[in-house]
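Note that my numbering has the sequence shown beginning at 1020, numbered continuously upward. Think of the CB as a built atom: it goes at the ideal place given N, C-alpha and C, for glycine as much as any other residue. Input: a single structure, listed below in structure tokens.
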Amino acid sequence: MYAIVKAGGHQEKVEVGDVILVNRLEAKKGETVEFPVALVVDGAKVTMAAADLAKVSVKAEVVDDEAKGPKINIQKYKNKTGVARRKGHRQPLTAVKVTAIA
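Following this line, the structure appears as structure tokens:
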């Protein structure tokens, strides 16, 4: 059984026990969060109807509330003017472990 959930502006395919990285949530380590469901697949049975999905939610526990994504290097350069700029970015993330699809 797996579900497609909406988490932090993205959609993720999750199963019970999966640890996923989502955009930073306001929850602290150890707290439980719920994600809205876009699709549920249980064997050969696929649930897509909005009325049925409103009854289903995915519960997850926050494992790490201070995770960071990979470093992204940004370089800008303008020829013959002496203008050069380097900048970096690491996206703040939250690691959550899926505990139930119900």
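Beyond the five residues adjoining it in sequence on each side, glutamate 1053 comes within less than 6 Å, by CB distance, of Ser1076 and Lys1078 in the same chain, given in chain order. In summary, isoleucine 1093 is exposed, with fewer than 16 beta-carbon neighbours lying within 10 Å of its beta-carbon over all protein chains present. DSSP lists Val1060 as the bridge partner or partners of valine 1065. Scanning the stretch 1069-1107 for uninterrupted alpha helix (DSSP H) segments of 4 residues or longer gives 1069-1072, listed from N- to C-terminal end. At the C-beta level, leucine 1040 and alanine 1103 stay beyond 8 Å of one another.
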